[in-house]
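Counting along the sequence shown from 1, when you hit position 185 you're at 185 in full-length UniProt numbering, and nothing is skipped either side. Virtual Cβ for every residue (Gly too), placed ideally from N, Cα, C. Please read all numbers here as calculations on a predicted model, not as lab measurements. Report on the structure given below.
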Amino acid sequence: MTTEPHLLSLRIVVPPLGSRHGAVECRPIINGRDILADVFDEGPADDPRYLLGQHAPLHATDMSREVRLAEAECTEGCCGAVYVTIRREGQHVVWSGWRNPDEDDVDLPELRFDVNQYDAEVRRASTDHSWEWPARTVARLLEERLRERVGWLTTWECELGAVSAWHGEPDQISVFLFHPGRSAIREDRPWLQFRMTLPVSGDDPGDQAKRLEACLTAEDPREIAEVCGGSKEFADQLGYPWPDPRRRAGRAAEARNTTRQQ
1 MTTEPHLLSL RIVVPPLGSR HGAVECRPII NGRDILADVF DEGPADDPRY
51 LLGQHAPLHA TDMSREVRLA EAECTEGCCG AVYVTIRREG QHVVWSGWRN
101 PDEDDVDLPE LRFDVNQYDA EVRRASTDHS WEWPARTVAR LLEERLRERV
151 GWLTTWECEL GAVSAWHGEP DQISVFLFHP GRSAIREDRP WLQFRMTLPV
201 SGDDPGDQAK RLEACLTAED PREIAEVCGG SKEFADQLGY PWPDPRRRAG
251 RAAEARNTTR QQ
């Protein structure tokens, strides 16, 4: 007897704007059932920024790859996460090899999807931005424009980290930069992360992204940014002031959220 393929639906969940609780999530719904809700309550599903998009992990290829679907609020290293291995197999997309680094096993079966239904749903979710609030749209468009400006940060010895918007701060976006670049982290050299907070209005998001791009690329962004990551020792070595502890704590939490989205 042939088993009917599973049906995938990707549900975007957005907490109330202005709320300091919750997270934007991309939750996989299988045959109408939220499978993550059955096996993981330590934190949210991953952000659609991470799971969706043109080259995002949910796209299935002949080469299998492991994808994180959810992570504990306190980070994976503390209370775990949910991973699945995704591969294309003929006319099917297969989800298997479920694991949680914090548990012995994840009680979910192998799932098989019709490749056409699966691809169509991932494409739909990747191109449907109707759930975004204005600042989230501006952040997405601005990051796309900045990443197309190859080399614009070279003069300032910086690397773009991310452009982010949080539902708890619905009227602003944050631009994160690494100085001199993320390679310094891997090579154990001094590095800092900078954050620029920019207001967002009710104007057309595309127009705002264009104006902000022109402003950000016209001068050294470090002149209007503040340090939010790295260490005091690195800040001293690179010649930048280190923020006071209370301000630093808030910025560090935001930087961790940004890292989860990348």
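Assuming residue i contacts residue j under a Cβ cut-off of 8 Å, what Cβ separation, rounded to an integer in Å, is found between them?
| i | j | result |
| --- | --- | --- |
| histidine 6 | isoleucine 30 | 5 Å |
| valine 67 | valine 93 | Not a contact, Cβ separation roughly 12 Å. |
| threonine 137 | proline 205 | 4 Å |
| tryptophan 156 | arginine 88 | At roughly 42 Å, the Cβ-Cβ gap does not stay under 8 Å, so tryptophan 156 and arginine 88 are not in contact. |
| alanine 60 | isoleucine 86 | 5 Å |
| proline 243 | valine 227 | 6 Å |
Taking all protein chains shown into account, do 16 or more other C-beta atoms lie within 10 angstroms of the C-beta of residue i, making it buried, or fewer, making it exposed?
| i | result |
| --- | --- |
| methionine 63 | exposed |
| cysteine 78 | exposed |
| leucine 142 | buried |
| residue 263 | This structure gives no information on residue 263, because the portion of the chain shown stretches from 1 to 262. |
| glutamate 71 | buried |
| glycine 202 | exposed |
| serine 19 | exposed |
| alanine 252 | For alanine 252, the pLDDT reaches just 49, beneath the cut-off of 50, and the residue's location in the model is therefore unreliable, leaving the point undetermined. |
| glycine 32 | exposed |
| alanine 120 | exposed |
| threonine 258 | Note that threonine 258 scores 49 on pLDDT, short of 50, meaning its location in the model is unreliable and no value can be drawn from it. |
Using the C-alpha atoms, what's the distance from residue j back to residue i?
| i | j | result |
| --- | --- | --- |
| leucine 198 | arginine 145 | 16 Å |
| tyrosine 118 | aspartate 236 | 51 Å |
| tyrosine 240 | glutamate 187 | 20 Å |
| proline 170 | proline 16 | 10 Å |
| histidine 55 | aspartate 128 | 16 Å |
| glutamine 262 | valine 13 | Unreliable positioning characterises glutamine 262 in this predicted model, as indicated by a pLDDT of 47, which lies under 50. The coordinate reading is nonetheless provided below. Going from the Cα of glutamine 262 to the Cα of valine 13 covers about 18 Å. |
| leucine 52 | leucine 69 | 11 Å |
| valine 122 | arginine 11 | 11 Å |
| threonine 217 | phenylalanine 113 | 45 Å |
| residue 263 | arginine 27 | In the structure as shown, the chain begins at 1 and stops at 262. Residue 263 is therefore absent and cannot be evaluated. |
| arginine 182 | arginine 65 | 24 Å |
| alanine 184 | leucine 8 | 40 Å |
| glutamine 91 | aspartate 105 | 28 Å |
| alanine 37 | glutamate 76 | 17 Å |
| glutamine 172 | tryptophan 95 | 37 Å |
| serine 126 | proline 44 | 19 Å |
| lysine 232 | leucine 153 | 23 Å |
| valine 82 | aspartate 220 | 40 Å |
| cysteine 158 | glycine 229 | 14 Å |
| aspartate 207 | arginine 124 | 25 Å |
| leucine 238 | glycine 97 | 44 Å |
| leucine 58 | asparagine 116 | 14 Å |
| arginine 140 | leucine 160 | 13 Å |
| arginine 195 | phenylalanine 234 | 16 Å |
For a quick check, are the C-beta atoms of residue i and residue j less than 8 Å apart?
| i | j | result |
| --- | --- | --- |
| alanine 209 | leucine 177 | no |
| glutamate 110 | glycine 80 | no |
| leucine 108 | valine 175 | no |
Is there a Cβ from chain B that is less than 8 Å from the Cβ of residue i?
| i | result |
| --- | --- |
| valine 24 | Looking for chain B here will not work: only one protein chain is present. |
Pairs of beta-carbons, one from the region 212 to 219 and one from the region 144 to 161, closer than 8 Å: are there three or more? yes
So, does the region 43 to 55 touch the region 191 to 199, judging by three or more C-beta pairs under 8 Å? no
So, does the region 162 to 170 touch the region 128 to 135, judging by three or more C-beta pairs under 8 Å? The region 162 to 170 makes contact with the region 128 to 135: 3 or more CB pairs, one atom from each, lie closer than 8 Å.
Check whether the region 96 to 104 touches the region 17 to 29, taking contact to mean three or more Cβ pairs, one atom from each stretch, closer than 8 Å. In short, these stretches do not touch, since the Cβ pair count stays below three.
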